[in-house]
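**Student:** Residues -30 to -1, 1 to 619 (mature numbering (1 follows the signal peptide of the UniProt record, and there is no 0)) are what the sequence shown spells out, left to right.
Glycine residues also receive a C-beta, built at the ideal position from the N, C-alpha and C atoms.
Here the structure is a predicted model, which is why all the values come from computation and not from measurement.
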Amino acid sequence: MRMINANLFGSVGVGLWLLNIASRFELVKCDMYDHMYSIGDKVELWVNKVGPYANPQEAYDYYALPFCAPETDHHPSKSKDSIFNMLKTTHSLGEIIGGHTLRHSGHDLLFASSDESNILIEKCTTEHPLTIEEALQFGIAAQQSWFYQMYLDDLPIWGMVGEMLPEGAELENWEESTKDKNLAIVPYVYSERDLIISYNENRIVKVDLVSIPKSLKQVKVGETYTFKTYIQWLPTKEDFHSRFERYLDHTFFKHQIHWFSIFNSFMMILFLMGLVALILLRTLRKDFARYAVTDEDVDDLDEENTLLDKHSKESGWKQVHGDVFRSPSNLVLFSAVLGTGWQLISLTLGVILFALAGPLHGEVHEERGEILYAVLICYSLSSVIAGYASGSYYKDYQATISRKHTSSDNQWQLTMISTVMLLPTVVVSILSFLNCIAWWKVTVNYIPFFAILKLSALWILVSVPLCIVGTLLGRHAKVSDKNTFPCRVNAIPRPIPEDVPWFGVPEKIIPLAGLLSFGSIFIELYYVLTSFWNYKVYSVYGFLLGVYIILVLVVSLSTTIVVYFTLNAENYNWQWTALWSGASTSMFVFLYGLYFFLFRTNMFGFMQTCFYFGYTILMSLFLGTICGTIGYVASSRFVRLIFANVKLD
């Protein structure tokens, strides 16, 4: 046993060391390390990706388009083969998964080299006339509104590749030319751009890129194009520490509607709390009084009241006291889902708190891939919570399993394996499909084999051992507690009545609980989806934490109501009912995701559609597992409370 523990902790130590090494890569930034320059120092300009504006995941390497590569020290040749040998930055796992593949642009920039008007820093000409294939590439890029992204001193820059304009349009006033519907619309490409860099003493605080309209060139087969980049250095008094503020859309995220949604959700909580107090507490008080009537009390009543009292005593949630703590069907699977839910709950809370602590370690929107990296760390470390939750739950309910329904008295090993494999299996299955599509389309969102190996190493050396440790702790934490449940479990299960009111049928009331839970988050869900799919930088993590707390309360209250109605219908299979009541939120989240795709985005194409719905399915499953676990935990507390206070025969 000691040797096993030593091996486990040894592998965990190796895994944490790998996490530490990976985190060092996260810190490799531009001068680059402290963002401080002297006059004449080299400033690196990195190119990232290019792709359709409407399709965030359909992003390609910058030089996938036939741009000419500058002839500099970074590019010994403009030949196609040498482009893939360009100097690249060191990427963290978060950057790789996020689709950031920065490579050197080839431009030689010198810090504050001149404060005069624009200076030409790049002039390169395509090495051969445009072929039919290359002209088609530029044409598609202009037609689908492709844009490219660059980084300078960690500040993102965006620019459009081209425009669709009438043939022979006046470039000085091309917006007016587009109103002439009699002219044929043809693709144009920008051949010149201005790079305006503002600096405060020895630090860069702002970067703007302006595509010059008069430089638009019509895309034609056989034409040769000269691309030029001009640079201008402008001194400014803007503060370096607030340079990312311009990327945050405070007007959008802190709109009055956003505040109103929080207030609306809070009022929903008050309504549900009142409903619980009215229906449950008042009804339970009557139930307790009814079940507390003794035979001596019955003798004092008249005959009619006696018959009514006997009938009432023979129905209701008290009648299932001998089965209410019976093990749910598929105990191993239920334990694994519950453990995974606790892991996702702690992961989500950990990432939100990490983002809120931005002023201490640096705002998450200022570092590429930092949120994804935080997710990897929180997932790895929270595996011990998953193991403990599933192991302790299985330990509690193992003794209540009917012997005829199991071939083994001890399946904790299977529970442990299921907990370790459940979430990775779902995620890997979906992401592998998406990764194959990204590889087929040669996009930057393709996760390379080496990154997959690092992710596998983190899972094997950190997540798996921690989950095993958690399971062992969960198994032995409650060994000495012999009276886990307030009621004994009967040897033979009682039949479940079929003739019950509609509100006693789980299938009919479960969706109502999910609808209430969805109603508390759908406004915030809009902001989250807009940030992820429409290039908004999400920064209001205080709102997100508030909505997360509201969701926990709403799911807890709504699921408790569902479980009470289920038990009152003498249906003791409440565990899965509680889980599905919370998890039904995911159904409405997915339907809202479908609505968002159809009416709030302009996405097109097979690849982007697959990525959108693949990520939407994952998000719905994650949220459903979280809400299902919250619902079960709240209902479990409620069930234990009422049966611990009822008078049994």
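Apply the 10 Å Cβ neighbour rule to residue 689 and answer buried if 16 or more other Cβ atoms are within range, or exposed otherwise.
**Tutor:** Not covered by the structure: residue 689. The range shown for the chain is -30 to 619.
**Student:** Note down, one range per segment and in chain order, each alpha helix (DSSP H) of at least 4 residues found wholly within the segment 473 to 559.
**Tutor:** Qualifying alpha helix (DSSP H) stretches, in chain order: 476 to 489, 492 to 503, 511 to 538 and 544 to 553.
**Student:** Exposed or buried, Arg458, counting other C-beta atoms within 10 Å across all chains shown (16 or more means buried)?
**Tutor:** So Arg458 ends up on the exposed side.
**Student:** Would you call Phe233 buried or exposed, if buried means 16 or more other Cβ atoms sit within 10 Å of its Cβ?
**Tutor:** Exposed is the call here.
**Student:** I'd like to confirm the pairing. Which residues does DSSP put opposite Glu162 in its beta bridges?
**Tutor:** Glu162 pairs with Lys198.
**Student:** Within 8 Å, do at least three Cβ pairs link the segment 284 to 299 to the segment 487 to 503?
**Tutor:** No: the two stretches stay apart, fewer than three of their Cβ pairs being nearer than 8 Å.
**Student:** Give me the Cα-Cα distance between Gly129 and Pro26, rounded to the nearest whole angstrom.
**Tutor:** Using only the alpha carbons, I get a separation of about 15 Å.
**Student:** Give the range of the beta strand (DSSP E) segment to which Arg610 is assigned.
**Tutor:** Segment Phe576 to Ala614 is the alpha helix (DSSP H) holding Arg610; no beta strand (DSSP E) there.
**Student:** Per the DSSP calculation, Trp16 is bridged to which residue(s)?
**Tutor:** The partner list for Trp16 (beta bridge, DSSP) reads His74 and Tyr121.
**Student:** In angstroms with no decimal places, state the Cα-to-Cα distance between Phe425 and His335.
**Tutor:** First, the residue type needs correcting, since residue 425 is Leu and not Phe in the sequence shown. Roughly 23 Å separates the two Cα atoms.
**Student:** Given 8 Å as the limit, is there contact between the segment 309 to 320 and the segment 14 to 32, that is, 3 or more CB pairs closer than that?
**Tutor:** Segments in contact, no.
**Student:** Using the Cβ count rule (16 or more neighbours within 10 Å means buried), how would you classify Glu137?
**Tutor:** By the 10 Å Cβ count, Glu137 comes out exposed.
**Student:** Relative to the C-alpha of Arg173, which residue among Leu436, Asn415, Tyr534 and Glu208 is closest?
**Tutor:** Looking at the Cα atoms, Glu208 is the closest of the given residues.
**Student:** Compute the beta-carbon to beta-carbon distance between Gly132 and Ala111, rounded to the nearest angstrom, for a pair I have assumed lies under 8 Å.
**Tutor:** That belief holds up - the Cβ atoms of Gly132 and Ala111 are roughly 6 Å apart, short of 8 Å.
**Student:** Ile596 to Val559, Cα distance in whole Å?
**Tutor:** Rounded to whole angstroms, Ile596 to Val559 spans 13 Å at the Cα level.
**Student:** Which residues in the same chain as Leu486 place their Cβ atom closer than 8 Å to its Cβ, once the five residues preceding and following it in sequence are excluded?
**Tutor:** Hits under 8 Å: Met238, Leu242, Val524 and Ser528.
**Student:** Taking 7 Å as the limit between beta carbons, can you name the residues of its chain near Phe455, skipping five residues before and five after?
**Tutor:** These residues qualify, in order along the chain: Phe295.
**Student:** Please determine, among Ala34, Leu401 and Tyr169, the residue with the shortest C-alpha to C-alpha distance to Tyr416.
**Tutor:** Among Ala34, Leu401 and Tyr169, the Cα nearest to that of Tyr416 is on Leu401.
**Student:** Applying the 10 Å Cβ sphere with the 16-neighbour rule, what's the burial state of Asp257?
**Tutor:** Label assigned to Asp257: buried.
**Student:** Do you know offhand how far Ile227's Cα is from Ile491's?
**Tutor:** Approximately 13 Å, taken between the alpha carbons.
**Student:** May I have the straight-line CA-CA distance separating Ser450 from Gly320, to the nearest angstrom?
**Tutor:** Bear in mind that a pLDDT of 45 at Ser450, under 50, signals an unreliable position, so the number given afterwards is only what the model happens to contain. Cα to Cα, Ser450 sits roughly 32 Å from Gly320.
**Student:** Name the two residues that bound the continuous alpha helix (DSSP H) containing Glu65.
**Tutor:** Per DSSP, Glu65 belongs to the alpha helix (DSSP H) from Leu63 to Ile67.
**Student:** Quick check on Phe230: buried or exposed, where buried means 16 or more other Cβ atoms within 10 Å of its Cβ?
**Tutor:** By the 10 Å Cβ count, Phe230 comes out exposed.
**Student:** Short of 6 Å in beta carbon distance, which residues of its chain neighbour Gly552, apart from the five on each side in sequence? Order them along the chain.
**Tutor:** For Gly552, where only same-chain residues beyond five positions count, the Cβ hits under 6 Å are Val525, Thr529, Cys597, Gly598, Ile600 and Gly601.
**Student:** Nearest by alpha-carbon distance to Ser360: which of Val345, Ser212, Gln381 and Pro99 is it?
**Tutor:** For Ser360, the nearest C-alpha among the options comes from Gln381.
**Student:** Quick check: the Cα distance between residue 622 and Phe236, rounded to an integer number of angstroms?
**Tutor:** Past the boundaries of the shown model lies residue 622; the chain is included only from -30 to 619, so the question cannot be answered.
**Student:** What would DSSP say about Tyr7, mapped onto helix, strand or coil?
**Tutor:** Three-state result, Tyr7: coil.
**Student:** Take every Cβ of the segment 406 to 414, pair it with every Cβ of the segment 346 to 353, and state whether three or more of those distances are shorter than 8 Å.
**Tutor:** Flag = no, the segment 406 to 414 and the segment 346 to 353 do not touch.
**Student:** Please report the Cβ distance between Tyr364 and Thr385, rounded to the nearest whole angstrom; I am assuming they are in contact, meaning their Cβ atoms lie under 8 Å.
**Tutor:** Right, their Cβ atoms sit about 5 Å apart.
**Student:** Let me confirm a value: Met6 is counted as buried when at least 16 other C-beta atoms fall within 10 Å, else exposed. Which label applies?
**Tutor:** Under this definition Met6 is an exposed residue.
**Student:** Look at Thr199 and Ser168 and say whether their C-beta atoms are less than 7 Å apart.
**Tutor:** It is not a contact, given that the beta carbons lie outside the stated cut-off.
**Student:** Taking buried to mean at least 16 other C-beta atoms within 10 Å of its own C-beta, is Lys452 buried or exposed?
**Tutor:** Because Lys452 carries a pLDDT of 48, less than 50, the predicted location of this residue cannot be relied on, and no value is offered for it.
**Student:** Can you grab the Cα-Cα spacing for the pair Ile67 / Gly244, in whole Å?
**Tutor:** Cα to Cα, Ile67 sits roughly 45 Å from Gly244.
**Student:** From the DSSP output, in three-state form, read off Ile430 for me.
**Tutor:** If DSSP states are grouped into helix, strand and coil, Ile430 belongs with the helices.
**Student:** Answer yes or no: does any C-beta atom of chain D fall closer than 7 Å to that of Met120?
**Tutor:** Of the protein chains in this structure there is only one, and it is not chain D.
**Student:** Quick check: the Cα distance between Asn615 and Ile531, rounded to an integer number of angstroms?
**Tutor:** Going from the Cα of Asn615 to the Cα of Ile531 covers about 18 Å.
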